[in-house]
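Peer 1: Have a look at the structure that comes next, please.
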Amino acid sequence: MPEDVRVLVPVAILSGQVIPEPLIRFLSRGTIVVLAYHEIPEQTAPEQAREQFEPKAHEELADLVETIESLGGTAETRLVFTHESEQTIERVATEADCDVVLLSNPAQSVERLIVPVKEHISVDRIATVVSALSQDPSIDITLFHVATDESGVADGEDLLGDVSDELVVRGVQRDNLSRMVTVSSTPLQAIVDAADHHDVIVMGEEEPTLRGRLFGETSERVAERTLSPVLVVRNPTEPDEEQ
Numbered sequence: 001m002p003e004d005v006r007v008l009v010p011v012a013i014l015s016g017q018v019i020p021e022p023l024i025r026f027l028s029r030g031t032i033v034v035l036a037y038h039e040i041p042e043q044t045a046p047e048q049a050r051e052q053f054e055p056k057a058h059e060e061l062a063d064l065v066e067t068i069e070s071l072g073g074t075a076e077t078r079l080v081f082t083h084e085s086e087q088t089i090e091r092v093a094t095e096a097d098c099d100v101v102l103l104s105n106p107a108q109s110v111e112r113l114i115v116p117v118k119e120h121i122s123v124d125r126i127a128t129v130v131s132a133l134s135q136d137p138s139i140d141i142t143l144f145h146v147a148t149d150e151s152g153v154a155d156g157e158d159l160l161g162d163v164s165d166e167l168v169v170r171g172v173q174r175d176n177l178s179r180m181v182t183v184s185s186t187p188l189q190a191i192v193d194a195a196d197h198h199d200v201i202v203m204g205e206e207e208p209t210l211r212g213r214l215f216g217e218t219s220e221r222v223a224e225r226t227l228s229p230v231l232v233v234r235n236p237t238e239p240d241e242e243q
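Shown next as structure tokens:
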């Protein structure tokens with residue numbers, strides 16, 4: 001039986017942001033943790049914002065939870081007024097022990113997943129999430145790897161083979177899996193191009209780098225350049241070391 005996965009769904013609750021029903025239905029195979037947030041100006045105290053906006057925010061949140069439950073999902077909720085939404089999303093993802101964070105884009109249907117896989121990304125974490133959310137036999141899954149030159153193609157094929165085998169062990173039908181290795185000096189663009197033919201993108205979280213801090217993680221840049229939602233599979237949280 002697939003493991004339960006916890007999916008953080010950040011929603012700018014007072015900005016009219018809509019989570020499409022096909023995406024909710026897909027995510028409802030896990031536990032949906034709705035982070036309803038409202039970003040406020042630096043000079044505004046959260047207590048002041050809560051007093052002003054909380055009733056309307058609760059109303060919008062209740063409507064979203066009702067929709068999730070009507071589509072068969074289970075929802076937990078957090079309501080936050082914040083000066084820094086990105087920091088809040090990261091904090092709540094950790095506090096709520098979420099496996100995945102949604103970077104939302106429209107999704108008219110969820111029938112085709114693409115899973116870009118690179119070296120040093122946890123195969124086990126990716127397989128856990130993909131298998132849990134993709135037990136529906138109508139969902140096709142493309143495992144995708146970008147090699148920077150021809151010498152990396154064989155290793156890429158081996159990597160995708162490992163992921164494919166792990167997904168089958170976890171209950172995904174092999175007939176629903178396909179593998180694609182492409183050679184490109186611009187991996188980001190290769191992922192964006194491939195994603196155009198799919199409904200949802202599932203990507204592993206990257207280790208922090210200077211480039212990521214300057215330009216954003218690959219998952220964030222993919223979300224900005226495609227029309228598909230991106231699910232970011234978080235790295236396991238390491239326990240704090242005792243001092």
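Numbering (UniProt numbering), first residue to last: 1 to 243. Every residue gets a Cβ at the ideal spot worked out from N, C-alpha and C, and that includes glycine.
Suppose you measure from the CA of Val-110 to the CA of Asp-199; what does that come to, to the nearest Å?
Peer 2: C-alpha separation (whole angstroms): 5 Å.
Peer 1: Report the rounded CA-to-CA distance for Thr-218 versus Glu-206, giving the unit in angstroms.
Peer 2: Thr-218 and Glu-206: Cα-Cα distance of roughly 8 Å.
Peer 1: Reducing DSSP to helix, strand and coil, say where Val-169 ends up.
Peer 2: DSSP places Val-169 in helix when its eight states are reduced to three.
Peer 1: Determine the DSSP secondary structure at Asp-99, reduced to helix, strand or coil.
Peer 2: Three-state result, Asp-99: coil.
Peer 1: Please work out which residues of its chain come closer than 6 Å, Cβ to Cβ, to Ala-195, disregarding the five sequence neighbours upstream and downstream, and give them in chain order.
Peer 2: For Ala-195, where only same-chain residues beyond five positions count, the Cβ hits under 6 Å are Ile-114, Ile-201, Thr-226 and Ser-228.
Peer 1: If you reduce the DSSP assignment to three classes, tell me which class Gly-156 lands in.
Peer 2: Looking at Gly-156 - three-state DSSP - the assignment turns out to be helix.
Peer 1: Please state whether DSSP places His-58 in a helix, a strand or coil.
Peer 2: Helix at His-58.
Peer 1: From the DSSP output, in three-state form, read off Glu-3 for me.
Peer 2: Residue state, collapsed to three classes: coil.
Peer 1: Could you please give the first and the last residue of the uninterrupted beta strand (DSSP E) stretch that includes Asp-140?
Peer 2: First-last of the beta strand (DSSP E) with Asp-140: 140 to 147.
Peer 1: Taking DSSP as the reference, what is the three-state secondary structure of Arg-125?
Peer 2: Correct three-state label for Arg-125: helix.
Peer 1: Among Asp-149, Ile-40, Asp-162 and Thr-148, which residue has its Cα nearest to the Cα of Ser-122?
Peer 2: Closest option to Ser-122, Cα to Cα, is Asp-162.
Peer 1: Measure the Cβ-Cβ separation of Ile-32 and Ala-75 and say whether it is below 9 Å.
Peer 2: Taking 9 Å as the Cβ cut-off, Ile-32 and Ala-75 qualify as a contacting pair.
Peer 1: Going by Cα to Cα distance, which pick from Pro-10, Asp-158 and Arg-170 is closest to Thr-82?
Peer 2: Considering only alpha carbons, the answer is Pro-10.
Peer 1: Go ahead and label Ala-154 buried or exposed: buried means 16 or more other beta carbons lie within 10 angstroms of its beta carbon, across all protein chains shown.
Peer 2: Looking at its Cβ environment, which holds fewer than 16 other Cβ atoms inside 10 Å, Ala-154 is exposed.
Peer 1: Determine the DSSP secondary structure at Val-233, reduced to helix, strand or coil.
Peer 2: Strand.
Peer 1: Is the separation between the beta-carbon of Val-5 and that of Leu-102 shorter than 9 Å?
Peer 2: In this structure, Leu-102 does not lie closer than 9 Å to Val-5 by Cβ.
Peer 1: Apart from the five residues just before and just after Asp-140, which ones in its own chain have a Cβ nearer than 6 Å to its Cβ?
Peer 2: So the list reads Arg-112 and Asn-176, once near-sequence residues are dropped.
Peer 1: Helix, strand or coil for Thr-218, going by three-state DSSP, please let me know.
Peer 2: Thr-218: helix per DSSP, three-state reduction.
Peer 1: Does DSSP put Ile-191 in a helix, a strand or coil?
Peer 2: Helix at Ile-191.
Peer 1: What residues in its chain sit with their C-beta under 8 Å from that of Gly-152, if we drop five residues either side in the sequence?
Peer 2: Closer than 8 Å at the Cβ level, and outside the excluded window around Gly-152, lie Val-183.
Peer 1: Are there 16 or more other CB atoms within 10 angstroms of the CB of Ser-131, so buried, or fewer, so exposed?
Peer 2: So Ser-131 ends up on the buried side.
Peer 1: Exposed or buried, what is His-145 when buried is set at 16 or more other beta-carbons lying within 10 Å of its beta-carbon?
Peer 2: Answer is buried; the Cβ neighbour count reaches 16.
Peer 1: Keeping to the same chain, check which residues put their C-beta closer than 6 Å to that of Thr-209; ignore five residues upstream and five downstream.
Peer 2: Low local confidence applies: a pLDDT of 45 at Thr-209 is under 50, so the model's placement there is unreliable, and no value is given.
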